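K.L.:
This is the structure, below, for whatever I ask next.
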Amino acid sequence: MLKLGVAIVVILLGILIARILGRLVQKILHEMHIDKRLKKEGYGFKIEAKARKLVNYIVYLFSIIYALDQLGLTKGALWFLSSIVFIIIVVFAYISMREVFKEFRAGINIHKNIQVGNIIKMGNVEGRVVKVSRTTVQIKTNDNELVFVPYTYMKSGKTD
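Every letter in the sequence shown is one number past the one before it in the numbering used here, and letter 88, counting from 1, is 90.
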């Protein structure tokens, strides 16, 4: 019965520590203006909240594993459980970052050929390049509209 009480306390402390560490990580990233920098570079996702959740889940995982160990579960069961959770985390991380990787690959191929001042025509969008970031090109059209074009859409674009 004592082991069950210790396991419950470990899980409760894990939840508390996870929330504290998660908020601390989010606050540190916020102080570094990570989301603002990513938005400025043309990325469409926010990493501060995702980092907080990742830290929370990692601490939860370790708390659960330690609590199960306190209950006397075998090491094999713990390794199996942690392996399954790790695989799930890796798969979800890959799925969520897939578009970012696509943009980077396209950017590596196209970035060298496009410079500020170039005139670009793609479909019915034509204009002058005003900014080149890691994942997008900003084009000012003849109608003075600012258009953000991701590199992945520029595969067949024509530049002058």
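We put the CB at the ideal spot given by N, CA and C, even for glycine. Given the structure is predicted, the values throughout are model-derived calculations rather than measurements.
Measure from the alpha carbon of Val-87 to the alpha carbon of each residue in Asp-71, Leu-63 and Leu-6, then state which is nearest.
P.N.:
Minimum Cα distance to Val-87 is reached at Leu-63.
K.L.:
Where Gly-2 and Thr-154 are concerned, what is the direct C-alpha to C-alpha distance, given to the nearest angstrom?
P.N.:
Since the first residue of the chain shown is 3 and the last is 162, residue 2 is not available in this structure.
K.L.:
Please confirm if the region 116-128 is in contact with the region 21-35, defined as three or more CB-CB distances below 8 Å between the two stretches.
P.N.:
no
K.L.:
Please check the pair Ala-69 and Val-12, which I expect to be a contact at CB under 8 Å, by giving their CB distance rounded to whole angstroms.
P.N.:
4 Å
K.L.:
Taking 8 Å as the limit between beta carbons, can you name the residues of its chain near Gln-117, skipping five residues before and five after?
P.N.:
Correct list, in chain order: Val-131 and Val-134.
K.L.:
For Glu-147, count neighbouring C-beta atoms within 10 Å of its own C-beta (all shown protein chains included) and say buried if the count is 16 or more, exposed if not.
P.N.:
exposed
K.L.:
Checking 9 Å against the spacing of the C-beta atoms, do Leu-80 and Ile-67 come in under that value?
P.N.:
For Leu-80 and Ile-67, yes; Cβs fall inside 9 Å.
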